[in-house]
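Reviewing the structure listed below.
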Amino acid sequence: MIVHDVTPILNVSNLQESFAWFEQLGWKKNWEHGDPPNFGAVISGTPEIFLCRAGQGALGGRRPRQPWDNQAGSTWMSWWLHSPAEVDKVFALALKLGVLAPFPPTDMPWNVHECHIRHPDGHTIRVSARLEEE
496 MIVHDVTPIL
506 NVSNLQESFA
516 WFEQLGWKKN
526 WEHGDPPNFG
536 AVISGTPEIF
546 LCRAGQGALG
556 GRRPRQPWDN
566 QAGSTWMSWW
576 LHSPAEVDKV
586 FALALKLGVL
596 APFPPTDMPW
606 NVHECHIRHP
616 DGHTIRVSAR
626 LEEE
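The sequence shown begins at 496 in the numbering used here and counts up one residue at a time.
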């Protein structure tokens, strides 16, 4: 078997609010389905994330026990950017927008510069870029 694409599905409590949350970070609403809509997708270039209201996966807590607590009990994913500077910009934007950002940009031992931001339903996103090989 060869997989040619992967699309994560996030369980969200409010589809329209989730569209808005992603859009403030540069994603675009791609489509929605249902009457009223209960399923949809956001895109950033080619990558797509499905959003399912009240289904298909874990729905994490809106507020972790502590702001630095990275174990929110829901889905984690990685967004790969082109450079560490872009990771820093996303983190700064998240802070400016009031997005929960429990882990600041850090050079990790596995040669990745990353930060963590959190969706209001508890989903953690690792915003990452590879560091230059020495």
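Cβ coordinates follow ideal geometry from the N, Cα and C atoms, glycine included. Keep in mind the model is a prediction, meaning the values are calculated, not measured.
So, with DSSP's three-state summary, where would you put residue i?
i      : result
GLU464 : Lying before the first or after the last residue shown, residue 464 is absent from the chain, which here runs from 496 to 629.
SER513 : helix
ALA549 : coil
PRO579 : helix
VAL507 : strand
VAL585 : helix
Could you tell me which residues DSSP puts in a beta bridge with residue i?
i      : result
LEU595 : ARG613
ALA536 : TRP526 and PHE545
SER569 : Partner(s): none; SER569 has no beta bridge.
Between residue i and residue j, is the Cβ-Cβ spacing less than 8 Å?
i      : j      : result
SER573 : SER623 : yes
TRP526 : ALA515 : no
LYS523 : ILE538 : yes
Going along the chain, which residues of its own chain have a beta-carbon closer than 6 Å to the beta-carbon of residue i, five neighbours each way excluded?
i      : result
SER508 : ASP616
VAL585 : VAL622
LEU595 : ARG613
Residues in its own chain within less than 8 Å of residue i by CB, not counting five upstream and five downstream?
i      : result
LEU554 : ASN506, VAL507, SER508, SER569, ASP616 and GLY617
GLY552 : ILE504, LEU505, ASN506, SER569 and THR570
Legend entry - At least three beta-carbon pairs within less than 8 Å, the segment 538-556 to the segment 584-592: No: the two stretches stay apart, fewer than three of their Cβ pairs being nearer than 8 Å.
Legend entry - At least three beta-carbon pairs within less than 8 Å, the segment 532-539 to the segment 509-523: Cβ pair count under 8 Å is three or more, so yes.
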